[in-house]
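There are 2 protein chains.
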Amino acid sequence: MNNSSRFTVAIHTLTLLAHSGPDPITSEYIAGSVNTNPVVIRRLLASLRAAKLVSSQGGPGGGWQLLKDPRRISLRDVLNAVEGSSFFALHSTVPNPLCPVGRTIQSLLAGPFKSAQEALEQDLERTTIAALAERAKG
Amino acid sequence: MNNSSRFTVAIHTLTLLAHSGPDPITSEYIAGSVNTNPVVIRRLLASLRAAKLVSSQGGPGGGWQLLKDPRRISLRDVLNAVEGSSFFALHSTVPNPLCPVGRTIQSLLAGPFKSAQEALEQDLERTTIAALAERAKG
DNA sequence: GCCAGAGTACTCGGATAATCCATGTCCGAGTGCGTACGG
DNA sequence: CCGTACGCACTCGGACATGGATTATCCGAGTACTCTGGC
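Chain order of the listed sequences is B and A. For the first sequence, position 111 matches number 889 in my numbering, and the numbering has no gaps at all. For the second sequence, position 96 matches number 874 in my numbering, and the numbering has no gaps at all.
Now the structure itself:
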């Protein structure tokens with residue numbers, strides 16, 4: 779759970795798309811607002827495109843645009859798009875099955891982890907991209 | 779928020795300490811149960827020690843032991859110890875202040891992020907290290 | 001004036017280098033126990 | 001027999017390599033607009 783800023787940058791990008799209106803904007807322009815490299819934006823948007831949140835178009839006048847109404851895109855959707863389904867990672871190596879704790883810890887943690895993730899996502903669902911874009915406009 | 783297993787390994791280690799009784803156990807032994815390198819355990823336990831959850835002792839018969847009653851250590855405490863206070867990371871570089879979105883996005887996200895983190899931690903508080911150790915024992 | 005064609009500028013997408021972070025290895029510092037020696 | 005001092009084994013802690021992943025740079029592929037030439 780080493781905090782990377784992928785989630786934040788994804789929200790930033792989607793808010794920028796919602797803020798800019800229907801015309802597509804380029805990854806270079808987005809990178810200018812986020813203050814990073816365009817390729818980072820492209821890779822991030824590629825996962826958002828896989829989640830059917832945005833589309834891309836090459837050529838002059840091309841760029842990226844929203845596929846869904848920003849009022850119907852919640853932070854929960856964004857998190858799932860950029861982080862995958864399982865939020866808490868289990869051990870990277872298999873614990874020692876000869877140890878009573880190592881043998882059972884993963885199954886013991888499954889419940890609390892799932893519950894915590896659900897609580898997190900339900901809270902994130904309260905905020906939409908449209909709400910963020912609206913506040914940035916005002 | 780690239781999922782690392784620090785949180786899981788920390789829980790595993792504390793559960794092992796609670797399970798093993800009052801005598802200190804070594805980082806090498808813990809590493810055997812987690813199936814990783816002892817130095818990884820030491821670095822992780824160093825942050826748990828900073829949170830006053832465990833203590834370390836060198837020399838023969840030394841090792842690590844709990845400083846608090848495991849019934850009073852919740853997963854919330856563990857998360858705060860290993861991940862720091864802020865769970866969601868903001869941008870690693872400063873967004874462009876000339877952009878309306880870039881200028882405001884961080885302050886706009888502060889509220890939802892804090893709320894989501896609070897929801898997450900309240901759920902994690904329901905599970906204690908003692909409960910996990912008890913289940914591993916049975 | 002209008003249409004067709006080539007040319008050009010722009011954007012994404014993938015391949016390849018460079019950088020950064022996490023992990024692993026090694027050696028030193030400190031501690032406690034055991035042992036041996038002297039009283 | 002008892003106390004003290006030395007030595008040794010054990011454990012943590014920090015410094016230095018190593019591997020993988022993330023990030024940055026470069027070049028190619030595709031598209032839409034524009035300009036030019038001909039009718």
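Cβ atoms here follow ideal geometry from the backbone N, Cα and C, with glycine treated the same way.
Under the three-state reduction of DSSP output, L887/B falls in the helix class. Among the CB atoms of chain A, none fall inside 8 Å of the CB of A828/B.
DSSP, read as helix, strand or coil, puts S782/A in coil. Chain B has no Cβ within less than 8 Å of the Cβ of D855/A. Judged by DSSP in its simplified three-state form, G841/A adopts strand.
At a cut-off of 8 Å between beta carbons, V817/A makes no contact with chain B. Neighbours of N813/A in chain B, taken as residues whose beta carbon is under 8 Å from its own, are H869, T871, V872, P873, N874 and G880 in chain order. Within chain B, T882 and L886 have C-beta atoms less than 9 Å from the C-beta of R913/A, given in sequence order. Under the 8 Å criterion on CB atoms, D801/A is classed as non-interfacial with respect to chain B.
For A894/A, at least one C-beta of chain B is nearer than 8 Å to its own C-beta. In the DSSP assignment, V818/B falls within the unbroken alpha helix (DSSP H) covering P816 to A828. According to the DSSP assignment, V860/A belongs to the alpha helix (DSSP H) that extends over L853 to E861. DSSP places S811/B within a helical segment (H, G or I) once states are collapsed to three.
For S833/A, the uninterrupted beta strand (DSSP E) run begins and ends at V832 to Q835, by DSSP. In the three-state reduction of the DSSP assignment, T871/B falls in the coil class, being assigned neither a helical nor a strand state.
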